[in-house]
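Novice: So the sequence shown is residues 9 to 426, counted in our numbering. All C-beta atoms, glycine included, are put in the ideal place defined by N, C-alpha and C. This structure is a prediction, so every number in the text was calculated from the model and none was measured. Structure in structure tokens, see below.
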Amino acid sequence: MSHLASADPEVAAAIAAELRRQQDDLELIASENYASPAVLEAMGSPLTNKYAEGLPGRRYYGGCEHVDVVENIARKRARRLFMVEGHDIGVNVQPHSGAQANAAAFLALMKPGDTFLGLDLSHGGHLTHGSPVNASGKIWRPVHYHVGSDGFIDMDEVRDLARAHAPKVIVVGASAYPRTLDFAAFRAIADEVGAVVMADIAHIAGLVAAGLHPSPFPHCQVVTSTTHKTLRGPRGGLIMAERPRMKAVNSAVFPGTQGGPLMHVIAAKAVAFGEAATDGFRAYQRRVLDNAQAMAARLVERGFRLVSGGTDNHLMLLDLREEPISGKDAETALGLAGITVNKNTVPGETRSPMVTSGIRIGTPAMTTRGLGVEEARQVADWIADVLRAPEDESVRARVREGVTELCRAFPVYPGWSA
Ligand code: DSN
């Protein structure tokens, strides 16, 4: 980044500091990952200069012949990655984020005031699934389902709510749900009440692409995602849908909710989709799951309670309600030891979303830097050590030293220096 360093040392220094943080700390935020250098290069390309409102071959601007090639590659690769045999889908790669993808999908599927079902935020859902502070909860009428006392989605409640409220849409997806989503069961309920099933696979997209989580297709008519979590691409969004719904989806993205697409990000999505189709990516997702299993098992051995008792995917939720520490203080104590997590509400939450009684832990980023199950167990032990003695500076210092050593042994971007 020599141009940036000489043109704007202040911004360059902040970016270098962030690179150091990413290299030196252990990233366990379940929604984060490290994009490849190829993805970063595509994102930092002159494609950022280009306006391309519309779709390939039907743009509102001249000079789109090369970005058309890029967007078509991205669409084709995403389709190949997620399509299931005998079920045709279309893809829109323009949403700037998962929230934008969800907003556009809602616009395509519902009229203002229409009712939809979504997972409650404090039970693992997402802001854009009907939180009152988000447009999804202001423009449309959300009804929320929950997880049962076992931590699994209560499908009986989903059915009861669907029958009682006759929703237009049932949203299946989560930001903090450690278990497998049963898309077929949601579809059966939706068919009973004439609803459409919209899956938000932002968290599990990489697992789905690798065949390690059931596909939302053919059960879900519309599927949204981000591209930067388990999928390990650039920060961005994506919508896929059964062919006949694509016209509505495309116009809900543009001009419905967005203007010009970010062509540099779409180029990076294309690169990431290419990477996700490789055997290496599938092996990586297998390791993400193995590491999550190892970490969850060790935390349980150390006496911690996990929501639902464990995990089927890349994340787990530590329930701290019985522990003498809040999610916020746990996040801070672990942060001081070099372990980055986020505080998270848990089912039955009594604290505010800024304090919470849980932390969410995910393995996608640590697995990208090469850590395996042995290290995952070690990291779980460090987490347990810090959470059992959050005020003890000597414990934190010992863990910080171990984290630093581990991170040096497994660099994120080998050869890069900040
Ligand atoms: N989906 C959130 C997360 O999981 O961190 C961000 O919106």
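Determine, using beta carbons only, whether N110 and P372 come nearer to each other than 8 Å.
Specialist: no
Novice: Between A43 and ligand 1, is there a pair consisting of the residue's CB and a ligand heavy atom that are separated by less than 7 Å?
Specialist: No.
Novice: With distances taken Cα to Cα, identify the nearest neighbour of D389 among V101, V47, A13 and R408.
Specialist: R408
Novice: Out of A43, A218 and A392, which one is the CA nearest neighbour of Y421?
Specialist: Looking at A43, A218 and A392, the one whose alpha-carbon comes closest to that of Y421 is A43.
Novice: In or out: N350 buried (at least 16 other Cβ within 10 Å) or exposed?
Specialist: buried
Novice: So if I measure from each beta-carbon to every heavy atom of ligand 1 and keep distances below 6 Å, which residues remain?
Specialist: S39, H134, S183 and A210
Novice: Counting only runs of 4+ residues fully inside the stretch 71 to 116, write out the alpha helix (DSSP H) ranges in chain order.
Specialist: 73 to 90
Novice: Going by the beta-carbon positions, is the gap between I274 and A82 smaller than 8 Å?
Specialist: yes
Novice: Given a cut-off of 8 Å, decide if N100 and S212 are closer than it, judged by their beta-carbon atoms.
Specialist: A small fix is needed here, since residue 212 is Ile in this sequence, not Ser. Contact flag unset, no.
Novice: Would V155 and D164 qualify as a contact pair, given that the criterion is a beta-carbon distance under 8 Å?
Specialist: no
Novice: Given D327, which residues of its chain have a CB within under 6 Å of its CB, disregarding the five upstream and five downstream residues?
Specialist: R313, V315, V354 and G366
Novice: Between the Cα of D199 and those of A184, H221, A210 and Q229, spot the shortest distance and give me the residue it belongs to.
Specialist: The residue with the shortest Cα to Cα distance from D199 is Q229.
Novice: What does the Cβ neighbour count give for G288, buried or exposed, with the cut at 16 atoms within 10 Å?
Specialist: G288 is exposed by the Cβ-count criterion.
Novice: Using DSSP bridges, identify the partner residues of S53.
Specialist: BP columns for S53 are empty, so no partner.
Novice: Would you mind stating whether M254 and K176 have Cβ atoms separated by less than 8 Å?
Specialist: No, Cβ-Cβ distance for M254 and K176 is not below 8 Å.
Novice: Does DSSP classify V177 as helix, strand or coil?
Specialist: strand
Novice: Compute the distance between the beta-carbons of G245 and A38, then report whether it is under 8 Å.
Specialist: no
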